[in-house]
Every structure is written in C-alpha cells, then in structure tokens.
Amino acid sequence: MKPPRPNSLVRRTAFPGGPSRPLVTPLQPSVVYASPDPDALDRQYEEGSGFTYAREGHPNAEVLAAKIDMLEGAEGGIVTGSGMAAIGAVFLGGLKSGDHVVGGDQLYGRTLRLMNEDLPRMGIATSLADPTDAEAVRAALRPETRMIVVEVISNPTIRVADMEGIAAVAREAGVLLVVDNTFTTPRLFRPFESGADIVIHSVTKLLAGHSDATLGYVAVRDPVLREAIMTANVTWGLTPSPFDCWLAERGLHSFDLRLDRAEANAAALAEALADLPGMARVIYPARPDHPDHNRAMALLGGRGGNMLSFEIAGGRAAANALTRAAPELAFAPTLGDVGTTLSHPASSSHRALTPAARETLGISEGFFRVSVGIEDPALLIAEFSRAVSAAGRN
Ligand SMILES: *Cc1c(COP(=O)(O)O)cnc(C)c1O
Numbered sequence: 001m002k003p004p005r006p007n008s009l010v011r012r013t014a015f016p017g018g019p020s021r022p023l024v025t026p027l028q029p030s031v032v033y034a035s036p037d038p039d040a041l042d043r044q045y046e047e048g049s050g051f052t053y054a055r056e057g058h059p060n061a062e063v064l065a066a067k068i069d070m071l072e073g074a075e076g077g078i079v080t081g082s083g084m085a086a087i088g089a090v091f092l093g094g095l096k097s098g099d100h101v102v103g104g105d106q107l108y109g110r111t112l113r114l115m116n117e118d119l120p121r122m123g124i125a126t127s128l129a130d131p132t133d134a135e136a137v138r139a140a141l142r143p144e145t146r147m148i149v150v151e152v153i154s155n156p157t158i159r160v161a162d163m164e165g166i167a168a169v170a171r172e173a174g175v176l177l178v179v180d181n182t183f184t185t186p187r188l189f190r191p192f193e194s195g196a197d198i199v200i201h202s203v204t205k206l207l208a209g210h211s212d213a214t215l216g217y218v219a220v221r222d223p224v225l226r227e228a229i230m231t232a233n234v235t236w237g238l239t240p241s242p243f244d245c246w247l248a249e250r251g252l253h254s255f256d257l258r259l260d261r262a263e264a265n266a267a268a269l270a271e272a273l274a275d276l277p278g279m280a281r282v283i284y285p286a287r288p289d290h291p292d293h294n295r296a297m298a299l300l301g302g303r304g305g306n307m308l309s310f311e312i313a314g315g316r317a318a319a320n321a322l323t324r325a326a327p328e329l330a331f332a333p334t335l336g337d338v339g340t341t342l343s344h345p346a347s348s349s350h351r352a353l354t355p356a357a358r359e360t361l362g363i364s365e366g367f368f369r370v371s372v373g374i375e376d377p378a379l380l381i382a383e384f385s386r387a388v389s390a391a392g393r394n
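Number 348 in my numbering belongs to position 348 of the sequence shown; there are no gaps in the numbering.
Below is the structure:
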C-alpha cells in the first residue's frame with residue numbers, strides 16, 4: 001500500500017476546467033489570492049487590476065456592481081456590506097469635521113440616527129428639512145453645507161420629494177446631491193439623470209428581492225470622490241460577503257419582472273383597500289387623491305411602485321386584530337421581498353417618537369405600510385379584505 005503524502009490535504013488543487021463553461025456565475029469565497037511572484041503583485045497594485053484580498057474587492061462584488069451600474073446608468077459602482085454601510089461609506093469618505101449636511105426629515109430610521117447622533121459626535125453638523133418643499137431645503141443650507149441627502153419616496157408616509165427643485169437648489173449652491181433610491185429603484189427613477197451626484201441603494205430590498213442577502217451599493221459621479229468613498233469602504237471594513245453578492249446577482253435576473261408584477265398588484269390592492277368599510281385612507285402615489293400625485297406621475301414616469309400605506313380606525317386593538325387575522329401577510333419590518341410584508345410604524349420604525357410627534361407625521365396606531373409582493377392579486381385582495389374586516393369587528 002502507498003503511504004499518504006504528508007500535508008497533501010491542505011494543498012489546493014487546480015479547479016478542473018474544459019472547453020465548456022458554467023452557465024451560472026461561479027461563487028468565489030476566497031479571502032486571498034495568490035500571485036506568481038513579487039513583480040506580478042507589484043504590477044497588480046500599480047494597475048489596480050485583479051484581486052488580492054477580499055475586503056479590497058472580489059469577483060462576485062464586481063459582477064453585482066456592474067449589473068446595478070447598468071440599471072442606474074452609472075460607472076464604477078461600489079457594493080457594500082449593507083445599505084447602511086453604503087451610507088456610512090459616503091459620509092466617512094465624503095465629509096470632514098466642520099462640514100454640514102442637510103437631510104430629508106423622513107429618511108430611513110438608521111440614516112436619521114446617523115444624522116441626529118453620529119455625525120454631530122464627529123464634528124459634522126446636520127439639519128433636517130421637508131423634501132417635498134425645495135424652498136425648505138434651500139433655507140436649511142449653510143455656507144459649510146457639503147451634502148443634501150434625500151429619499152424620493154418617504155417612509156412610511158409615501159410622500160414624493162420635489163427632486164427637480166432640490167436638484168436645482170443643490171446645483172446653485174454647489175452642494176453634493178445624494179439620493180437613496182431604495183424605494184423607487186432605477187425602474188421608476190434614475191437619479192443621475194436628474195442631477196444627483198451620488199446614488200445609494202439598500203440592495204437588501206427590491207434589487208436582491210428575496211430577503212436572504214444584506215447588501216448596499218453606491219455610485220459616485222466624480223471619480224476623485226468615488227476613490228475617497230471606495231477607500232473608506234475598504235478601510236472601515238464595510239465590504240460585502242461573496243455569497244450575499246452571488247445571491248443578489250441571481251435575484252437581479254428577475255428584478256424587472258418582479259417589480260412590474262408587484263407594482264400592478266399594489267395598484268389593484270390600493271383600489272380594493274379604498275373600497276373596504278372601515279378604511280380611513282389609502283396612500284399610493286398613482287391614486288389621484290395622493291397629496292403629491294401630479295409630481296409623482298411626472299417624476300416616476302406614470303408609475304406608482306410597490307409601496308403603499310393605509311390607515312384604519314380602532315387603534316392598537318384593531319391593528320393587532322388585523323395582523324392576527326392574516327398571518328400569511330408577513331408582519332415583518334422590511335420591504336422589497338417577493339412576498340407581501342406588512343409593517344406597523346408605531347410599534348417598530350417610529351416607536352421612539354412620542355405619540356404627538358407620530359401624529360404630526362400622520363402615523364396613528366391604525367397606520368400600516370405594505371410592501372406589495374408578486375402573489376396572485378386575487379389572493380392578496382382576499383387576504384387583506386379578511387384582515388381589515390377582522391379589524392373592524394374588533
Ligand atoms: C433598508 C433601508 C436602508 C438600509 O439598508 P440595510 O441594507 O438594511 O442596511 C437604507 N435606506 C432605505 C430607504 C432603506 O429602506
């Protein structure tokens with residue numbers, strides 16, 4: 001019998017190839033890449049080509065970035081470990097102590113926390129302004145303002161920002177316009193075509209679409225600023241896992257189809273909900289009674305997206321009855337999944353606010369936000385009808 005060769009199990013063998021190639025993007029989990037010799041490694045660093053260490057970049061992130069770049073009409077997009085990592089990289093790479101940032105007053109909860117608590121701690125001042133009013137955004141500017149940060153559709157009240165007005169304000173003041181395009185997605189709105197300097201995504205949501213990958217994306221118009229944000233991403237360790245990138249790329253194959261179906265469902269559901277007894281209001285941009293309807297239709301190419309909110313009477317007891325009557329409508333604080341999810345801001349994203357502050361925003365105990373999925377629309381409407389009627393009987 002031949003004795004086994006010492007250590008042979010830890011020596012990696014070459015990956016078998018052949019004239020054919022895999023149809024599916026390979027998953028490359030390698031943390032490190034071996035180079036033939038120091039000269040070759042030197043050339044790699046000089047040219048910034050190839051891969052050395054996964055925190056600095058890896059093939060699955062590059063493949064995913066290129067796909068989102070295509071959707072956004074961007075170049076050199078950067079994939080990050082989460083949507084918050086994308087926002088963090090923009091702030092860490094693009095701001096310094098003494099700068100000032102203006103943000104929308106209904107930004108995503110964690111972004112608001114960065115604005116209200118973490119940036120000030122680092123010597124960066126912040127102000128919030130209503131993004132449906134470009135003059136309010138202009139009034140918040142200071143000589144040291146460096147960035148305006150906005151989301152096109154607000155969470156959870158589904159208001160639509162005056163993007164044209166804000167872009168003009170940013171341009172006149174020479175301030176960077178940063179757009180978080182997570183809710184709208186490039187299928188409804190492409191911020192670079194409307195004057196944005198930086199576009200951010202939580203890829204976790206509609207782009208990846210299956211609630212199994214946590215990722216972000218940032219694209220930057222100015223190459224010098226892009227380099228600074230890229231460096232912050234690598235240095236602060238905000239970079240993504242190859243497996244999540246691989247899942248998200250697979251999710252993107254069906255992005256257009258998923259979004260179109262979810263949007264058609266949302267439009268049908270909005271109409272059905274508005275007709276239900278006990279419904280106080282339905283907020284959906286494509287409905288003529290939406291407060292920003294005309295602006296939304298002009299900005300979003302006549303589309304309403306997959307997000308809607310509604311309000312029922314009856315307070316917390318009715319809200320409990322609604323979620324319990326339809327457990328198949330996942331009551332979960334996320335959005336953009338293939339399946340419909342329901343969130344209740346008063347007990348989740350907006351729980352830290354006083355009831356009075358919530359009331360100012362129009363968020364009562366009967367307020368729900370719906371991320372509409374791609375189910376059979378008749379099924380969805382039946383489930384919601386049952387849930388709302390159970391809430392009414394409460
Ligand atoms: C979810 C979300 C984020 C944060 O993204 P994560 O991937 O959860 O870190 C940022 N902005 C918006 C609008 C979001 O919905």
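Every residue, glycine too, gets a C-beta built ideally from N, C-alpha and C.
Backbone secondary structure at Asp37 - three-state DSSP: In this structure, Asp37 counts as coil in the three-state DSSP scheme.
C-alpha gap between Ala330 and Asn394, whole angstroms: Rounded to the nearest angstrom, the two C-alpha atoms are 20 angstroms apart.
Complete alpha helix (DSSP H) runs within the segment 336-393 (minimum length 4 residues, chain order): Entirely contained in the segment 336-393, the alpha helix (DSSP H) runs reaching 4 residues are, in chain order, 355-361 and 377-393.
Range of the contiguous alpha helix (DSSP H) that encloses Met122: In the DSSP annotation of this structure, Met122 is not part of any alpha helix (DSSP H), being labelled neither H nor E.
Ser97 CB to nearest heavy atom of ligand 1 below 8 angstroms: Flag unset: Cβ of Ser97 not near ligand 1.
Cβ contact check for the segment 341-350 and the segment 284-291: 3 or more pairs under 8 angstroms: Between the segment 341-350 and the segment 284-291 there are fewer than three C-beta pairs closer than 8 angstroms, too few to call the two in contact.
Residue from Glu193, Ile153 and Phe183 with nearest C-alpha to Ala168: Of Glu193, Ile153 and Phe183, the residue nearest in Cα terms is Glu193.
Gly366 versus Ile374 - alpha carbon distance: Between Gly366 and Ile374, the alpha-carbon positions lie close to 25 angstroms from each other.
Alpha-carbon spacing of Gly81 relative to Ala319, whole angstroms: In a straight line, the C-alpha of Gly81 is about 34 angstroms away from that of Ala319.
Three or more C-beta pairs below 8 angstroms linking the segment 349-368 and the segment 220-227: Not touching, per the Cβ criterion.
Straight-line Cα distance separating Thr239 from Glu62: Their backbone Cα atoms lie some 12 angstroms apart in a straight line.
Coarse secondary structure for His58, derived from DSSP in three states: The answer is coil: DSSP assigns His58 none of H, G, I, E or B.
Opening and closing residue of the beta strand (DSSP E) in which Gly103 lies: In the DSSP assignment, Gly103 falls within the unbroken beta strand (DSSP E) covering His100 to Gly104.
Any non-hydrogen atom of ligand 1 closer than 8 angstroms to Gly123 Cβ: The answer is no for Gly123.
heavy atom of ligand 3 below 8 angstroms from Val203 C-beta: Ligand 3 is not among the ligands present in this structure, which contains only ligand 1.
Other residues of its chain near His110: CB distance less than 6 angstroms, five sequence neighbours each side excluded: Sequence check: residue 110 is Arg here, not His. Once the five neighbours on either side are set aside, the close Cβ partners of Arg110 are Met84.
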